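Trainee: Note that numbering that gives the first Met the number 0 numbers the sequence shown so that position 85 is 84, with each residue one more than the last.
For glycine and all other residues, C-beta sits at the position ideal for the given N, C-alpha and C.
This structure is a prediction, so every number in the text was calculated from the model and none was measured.
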Amino acid sequence: MPEVVKSIYFSQSEILDAIERLHVRDGWDADVTYGNGAFYKGRAEPRLKFDIQPLSDGVVQASSVTVPVESASLCSVMFDPPFLTYVRAGRDHKEGKVQMTARFGGYWTYQELTDHYGGTIKETARILAKSGVLVVKCQDIIHNHRMHCTHAMVIGMAQESGFRLKDLFILAAKHRMPGPQKGQQKHARIYHSYFLVFERLK
């Protein structure tokens, strides 16, 4: 009897295994923020790979908000955007380098994050066929001393664009790189991120 798929894992690979087993059985059609391809180490690559700054051969240069494919032509899309905001050292990370933002990228303001997420979700609604699957990896954040429930925002954006939330996975981290801490702590340190699985309804 196969192992029961759970909603919480400490391994990203296990979550991807679970998503592929339940929702993307025929493999990924596209990744619109491919990056260095770390998602696919030890597993099948997506058929189409896009990134605004390609890091390897076979990746098409394109923004995730304007993907060069026909409407309703895909069955599955992965969207793994940055989740970090307010890069104090500036966009190029050259001075006062912040290790996490230099490694994974980030947004100068939370509004940039919401604009990118919202634009990409609308675009994936265009390129996915009916019943197509969109997977969004995201993390709630503390920005300008305020809690931002990014995963709830993403769910709302997706519903407005004609998706329904089909499944939800939580990636719990055993360790996180230390974040900046000045004065008394006011929020819990976030040690988890989400993989939200959406289905295109129309």
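#1: Of all the alpha helix (DSSP H) runs that stay within the bounds of the region 128 to 187, which reach a length of 4 or more residues?
#2: Terminal residues of the continuous beta strand (DSSP E) containing K48?
#3: Note down the Cα distance separating V134 from L195, rounded to an integer number of angstroms.
#4: Under a three-way DSSP split, which group does R199 fall into?
#5: Beta-carbon within less than 6 Å of G89's beta-carbon, same chain only, minus the 5 sequence neighbours each way: which residues are those?
#6: Quick one: residues in its chain with C-beta nearer than 8 Å to the C-beta of Q138, no 5 flanking neighbours on either side, listed in chain order?
#7: Are the Cβ atoms of V132 and E198 separated by less than 8 Å?
#8: DSSP beta-bridge partners for F78?
#9: Does DSSP put D30 in a helix, a strand or coil?
#10: Just list the residues that DSSP pairs Y8 with in beta bridges.
#11: For K129, which residues in the same chain have their Cβ closer than 8 Å to its Cβ, ignoring the five residues on either side in sequence?
#12: Are the CB atoms of F9 and K121 within a distance shorter than 8 Å?
#13: With G118 as the anchor, note down where its alpha helix (DSSP H) starts and where it stops.
#14: Taking Cβ positions, are G161 and A124 nearer each other than 8 Å?
#15: Residues in the same chain with beta-carbon distance under 8 Å from G41, minus the five sequence neighbours each way, listed in chain order, please.
Mentor: In short:
#1: DSSP runs (the alpha helix (DSSP H)) wholly in the region 128 to 187: 149 to 159.
#2: First-last of the beta strand (DSSP E) with K48: 47 to 50.
#3: Those two C-alpha atoms are separated by around 6 Å.
#4: Looking at R199 - three-state DSSP - the assignment turns out to be strand.
#5: Because G89 sits at a pLDDT of 49, beneath the cut-off of 50, its placement in the model cannot be relied upon, and the following sentence gives the value as read from the coordinates. Around G89: no qualifying Cβ.
#6: F82, T149, H150, I189, H191, S192, Y193.
#7: The answer is yes: Cβ separation under 8 Å.
#8: In DSSP, F78 forms a bridge with V135.
#9: If DSSP states are grouped into helix, strand and coil, D30 belongs with the strands.
#10: By DSSP's assignment, Y8 forms a beta bridge with L170.
#11: So the list reads A71, R199, L200, K201, once near-sequence residues are dropped.
#12: Their beta carbons are not under 8 Å apart, which means K121 does not touch F9 by this criterion.
#13: Its alpha helix (DSSP H) spans residues 109 to 126.
#14: Going by C-beta atoms, G161 is nearer than 8 Å to A124.
#15: Within the same chain, S12 come within 8 Å of G41 by CB-CB distance, once the 5 residues on both sides are set aside.
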